[in-house]
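For reference, the structure is listed below as structure tokens.
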Amino acid sequence: TLKTNIFKDIFYYSGFEYIYRKIKPAKEPRALPTLPLWLFGVYIAIFLVASQRYENRVDIIENRAIGIFSQLGTPAMKSALSRIATVQNYPCPVKPKILNPVSVFRSIFAKDFVYTEMVELLRETIEDWKGKLKDVSLMNADLHDADLSKADLRGAILQGTNLKGADLKGADLRGADFHKADLRGAILQGANLEGADLRGADLALAKFHEANLQKTNLQNADLRGVYFHEADLRGAILQGANLEGVDLRGADLHEADLWGATLQGANLEGADLRGTDLRGADCFKANLKKANLKGVNLQKVNLQEANLSGAYFLNTNLQGADLKGADLHATDLQGVNLRRADLRGADLHEANLQNADLLGADFFRANLKGANLKGADLAVAKFQKADLQKADLQTADLLGAEFQEANLKEANLKDAELEGADLRGANLQEADLRGANLQDADLRGANLQDADLREANLQDADLRGANLRGANLQGADLREANLQGAEL
33 TLKTNIFKDI FYYSGFEYIY RKIKPAKEPR ALPTLPLWLF GVYIAIFLVA SQRYENRVDI
93 IENRAIGIFS QLGTPAMKSA LSRIATVQNY PCPVKPKILN PVSVFRSIFA KDFVYTEMVE
153 LLRETIEDWK GKLKDVSLMN ADLHDADLSK ADLRGAILQG TNLKGADLKG ADLRGADFHK
213 ADLRGAILQG ANLEGADLRG ADLALAKFHE ANLQKTNLQN ADLRGVYFHE ADLRGAILQG
273 ANLEGVDLRG ADLHEADLWG ATLQGANLEG ADLRGTDLRG ADCFKANLKK ANLKGVNLQK
333 VNLQEANLSG AYFLNTNLQG ADLKGADLHA TDLQGVNLRR ADLRGADLHE ANLQNADLLG
393 ADFFRANLKG ANLKGADLAV AKFQKADLQK ADLQTADLLG AEFQEANLKE ANLKDAELEG
453 ADLRGANLQE ADLRGANLQD ADLRGANLQD ADLREANLQD ADLRGANLRG ANLQGADLRE
513 ANLQGAEL
């Protein structure tokens, strides 16, 4: 039948019948099966082609490598070393193995790779000559995990070079070009990178502990996870760089350019940021505790919920800065420009804001307990529901300021300028308002119990429903004041 014939043909052409007949000869001998032998022959031919192709390519690579080795230690050494990347990246097919048909077909038809043994050998060559790599071009070379500690790579061209996990501790990398290099996880502790170009380099998890990065170009670099503890970044170009969550504790960023940089959650505790340009930077939740911000331009910078306690702000420009929820407790902000800054919900208790420019600043629900605001310009500032208990506002300019429902208990407002101020519902219990100018002020429903208002100017003030029990009004000017419903 047809089914039986098909089975016999498969048995015959597969070669199983031949093996079977060796064990048990047939009465009538049949010819050898040709298909298995033909397939085997084809496979051997393909293997030989693949093997020859592989050997030819290896010979080319090895001959080129020998040419490099022969020039080491000669005047042509730099030229020889610059050819390393070409040899490392020279395409090489997979080595075919006769007992592995997959490797044979991959060697012929798959995309070529590199000759791994030569890549490693040439990497070791670079390690051996690491003290003489000044001005050498190693563009696109594979130096991953290489030991280049204390290497002399001054002015070296390392564009696109694979330095992933490389050890560059103490290396001299001044003026080196790392454009688009892979430095992921590289160790650059104590390395000198002054004037190096790191634009476009992948620096994920790289370690720059105590490294010299003066005037280094890191423009638009992604530096998340990079370790810059106590690094020297003076004059570094970090425009638009992403430094989110980066460790910059104790780093020297004197006169660095951080315009438009992202510093969200970055740790800058004790960092030196004198003269740094941080305009447009995002410092949301950044830790700037005890940082030196002398002369820094923080105009319109996002400092929401940032920790700025104990930071140094001499001649710092914080005009229009977003400081919502920021921690500025016990911080010296004397004479600082905070004009129209957003300080809503900020912690400023016991902060020194003497003579600061706070015109139009917003302190809604801010904590200003015990703060020193003596002589500060607070005209048209907003203090709604702010806590100013025991704050010193002596001689401060509070013209047209808004204090609705603010807590000014025991605050010192002696000789303060409060003309036209809105103090509706404010708590001024036991406040010192001697000689204060409250002309045209709105004090409706304010609590002035036991307040000291001697010699205060309350002319045309609105005191309807105010609590003035126990208040000292000796010498106060109450002409045209509205005391309707006030408690006296």
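Residue numbering for the sequence shown follows this note's numbering, beginning at 33 and increasing consecutively. Cβ coordinates follow ideal geometry from the N, Cα and C atoms, glycine included. All of these numbers come straight from a predicted model, not from anything done at the bench.
Quick one: Cα of residue i to Cα of residue j, how far?
i, j, result
"Leu-265", "Asp-204", "16 angstroms"
"Gln-221", "Ser-169", "23 angstroms"
"Met-150", "Asp-91", "11 angstroms"
"Ala-458", "Lys-356", "22 angstroms"
"Leu-285", "Ala-208", "20 angstroms"
"Phe-435", "Gly-502", "22 angstroms"
"Val-134", "Phe-79", "11 angstroms"
"Phe-137", "Asn-224", "49 angstroms"
"Asp-304", "Phe-345", "11 angstroms"
"Gln-471", "Glu-451", "5 angstroms"
"Asn-404", "Leu-425", "7 angstroms"
"Gly-277", "Ala-117", "35 angstroms"
"Gly-377", "Ala-398", "4 angstroms"
"Leu-520", "Ala-498", "9 angstroms"
"Ile-93", "Leu-71", "33 angstroms"
"Ile-140", "Asn-95", "22 angstroms"
"Asp-199", "Ala-97", "24 angstroms"
"Ala-438", "Asn-319", "29 angstroms"
"Ser-83", "Lys-127", "7 angstroms"
Could you check whether residue j and residue i sit closer than 8 angstroms to each other, using their CB atoms as the reference points?
i, j, result
"Lys-417", "Ala-443", "no"
"Lys-194", "Asp-179", "It is Asn, not Lys, that sits at residue 194 in the sequence shown. Cβ atoms of Asn-194 and Asp-179: not closer than 8 angstroms."
"Ala-263", "Ala-233", "no"
"Ala-483", "Leu-465", "yes"
"Ala-323", "Leu-300", "yes"
"Gln-516", "Arg-496", "yes"
"Trp-291", "Arg-311", "yes"
"Asp-167", "Lys-110", "yes"
"Ala-362", "Gly-342", "yes"
"Ala-353", "Gly-367", "no"
"Leu-431", "Ala-408", "no"
"Arg-371", "Gly-402", "no"
"Ala-513", "Leu-485", "no"
"Ala-473", "Ala-493", "yes"
"Ala-413", "Ala-433", "yes"
"Asp-359", "Leu-375", "no"
"Lys-406", "Ala-428", "yes"
"Ile-269", "Leu-295", "no"
"Leu-410", "Asn-384", "no"
I'd like the list of long-range same chain contacts for residue i, defined as Cβ closer than 7 angstroms, with 5 residues on each side in sequence excluded.
i, result
"Leu-400", "Leu-380, His-381, Ala-418, Asp-419, Leu-420 and Ala-423"
"Gly-267", "Gln-246, Lys-247, Glu-287 and Ala-288"
"Asn-504", "Asp-484, Leu-485 and Arg-486"
"Asn-29", "Given a span of 33 to 520 for the chain in the structure shown, any question on residue 29 remains unanswerable."
"Phe-260", "Phe-240, Val-278, Asp-279, Leu-280 and Ala-283"
"Leu-255", "Leu-235, Ala-273, Asn-274, Leu-275 and Val-278"
Let me check one thing: in DSSP terms, what residues is residue i bridge-paired to?
i, result
"Ile-140", "Its beta-bridge partners do not exist; DSSP assigns none."
"Asp-374", "Asp-354 and Asp-394"
"Val-146", "Pro-123"
"Ser-169", "Ile-189"
"Tyr-344", "Asn-324 and Asp-364"
"Asn-399", "Asp-379 and Asp-419"
"Tyr-259", "Lys-239 and Asp-279"
"Glu-449", "Asp-429 and Asn-469"
"Lys-129", "Asn-132"
"Ile-219", "Asp-199 and Lys-239"
"Lys-414", "Asp-394 and Glu-434"
"Asp-177", "Bridge partners of Asp-177: none, in fact."
Please list, in chain order, all residues of the same chain as residue i whose beta carbon is under 8 angstroms from its beta carbon, the five residues on each side excluded.
i, result
"Arg-216", "Lys-196, Gly-197, Asp-234, Leu-235, Ala-236, Leu-237 and Ala-238"
"Arg-206", "Arg-186, Gly-187, Asn-224, Leu-225, Glu-226, Gly-227 and Ala-228"
"Asn-369", "Thr-348, Asn-349, Leu-350, Gln-351, Ala-388 and Asp-389"
"Lys-129", "Ser-135 and Val-136"
Within its chain, find whatever has a CB closer than 6 angstroms to the CB of residue i; leave out the 5 residues flanking it on each side and keep chain order.
i, result
"Glu-337", "Lys-317 and Gly-357"
"Asp-177", "Gly-197"
"Lys-35", "Since pLDDT at Lys-35 reaches only 46, below the 50 mark, its modelled position is unreliable, and the value read off the structure follows with that caveat. Nothing meets the Cβ criterion."
"His-211", "Gln-191, Asp-229, Arg-231 and Gly-232"
"Asn-252", "Gly-272"
"Ala-508", "Leu-485, Ala-488 and Leu-490"
"Thr-172", "According to the sequence displayed, residue 172 carries Asn and not Thr. Closer than 6 angstroms at the Cβ level, and outside the excluded window around Asn-172, lie Ala-117 and Gly-192."
"Pro-123", "Asp-144"
For residue i, does the count of other Cβ atoms within 10 angstroms reach 16, so buried, or fall short, so exposed?
i, result
"Gln-120", "buried"
"Val-74", "exposed"
"Gln-506", "exposed"
"Glu-287", "buried"
"Pro-511", "Reading off the sequence shown, one finds Arg at residue 511, where the question assumed Pro. Looking at its Cβ environment, which holds fewer than 16 other Cβ atoms inside 10 Å, Arg-511 is exposed."
"Glu-449", "buried"
"Asn-88", "exposed"
"Asp-521", "Not covered by the structure: residue 521. The range shown for the chain is 33 to 520."
Measuring only from the beta carbon, is residue i closer than 7 angstroms to any heavy atom that is part of the ligand HEM?
i, result
"Gly-217", "No copy of the ligand HEM occurs in the structure displayed, which carries no ligand at all."
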